[in-house]
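Undergrad:
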Amino acid sequence: MTDSNLPVYGERDGTLQKVGGLTGLQTLVETFYRIMENTAEFRPLFDMHPNNLELTIDKLVSFLSGWMGGEKLFTQKYGPISLPQAHAHLIITEKEKAMWLNCMAAALDELGYPEDVKAYLLPKLEFPAERIRQVSAARHNA
126 MTDSNLPVYG ERDGTLQKVG GLTGLQTLVE TFYRIMENTA EFRPLFDMHP NNLELTIDKL
186 VSFLSGWMGG EKLFTQKYGP ISLPQAHAHL IITEKEKAMW LNCMAAALDE LGYPEDVKAY
246 LLPKLEFPAE RIRQVSAARH NA
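With the numbering used here, letter number 6 in the sequence shown gets 131, and the count goes up by one each step, no holes.
1. Given the structure, does residue 167 come close to the ligand MN, in the sense that its CB is under 6 Å from one of the ligand's heavy atoms?
2. Excluding five sequence neighbours on each side, which residues of the same chain lie with their C-beta closer than 8 Å to the C-beta of residue 243?
3. Could you pull the start and end residues of the alpha helix (DSSP H) that residue 257 belongs to?
4. Quick one: Cα of residue 162 to Cα of residue 216, how far?
5. Taking 7 Å as the limit between beta carbons, can you name the residues of its chain near residue 127, skipping five residues before and five after?
6. Using 7 Å as the threshold, is the C-beta distance between residue 247 and residue 156 below it?
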């Protein structure tokens, strides 16, 4: 028996399937924001978000769906996106970037995702997080 039918990270929707499809992704993002809201270490990030948490959750789920190889829900619902420009009004330093990634790691841990999911996903998420930080630094001369 081969593993050829198992999803592969980075191929088609393999990454999305590894997190449990859209249902798993929804749970992951909801957990991520709950941890962000209720953990003092991450609360400064939560406070940077708009008050409409339901919309914030939907936007991240929609973005990550396409980013993980699934349906490009963000574009369908909200139009084109430039992550750096969407965050350009915020000051994002190494500190905020690390908080975001650490909060995502905490959500993955809480939900019991296997190490291979975390080992693949967290370094991949660092790329857009770093780009957001770079644009913020350029815009705010930080």
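Even for Gly, the Cβ is constructed at its ideal location relative to N, Cα and C.
TA: Considering the structure as presented:
1. The model depicted lacks the ligand MN and carries no ligand whatsoever.
2. 230, 233 and 234
3. That run of the alpha helix (DSSP H) goes 240 to 265.
4. 19 Å
5. Its pLDDT being 38, under 50, residue 127 is placed unreliably in this model, and the value from its coordinates should be taken loosely. None.
6. no
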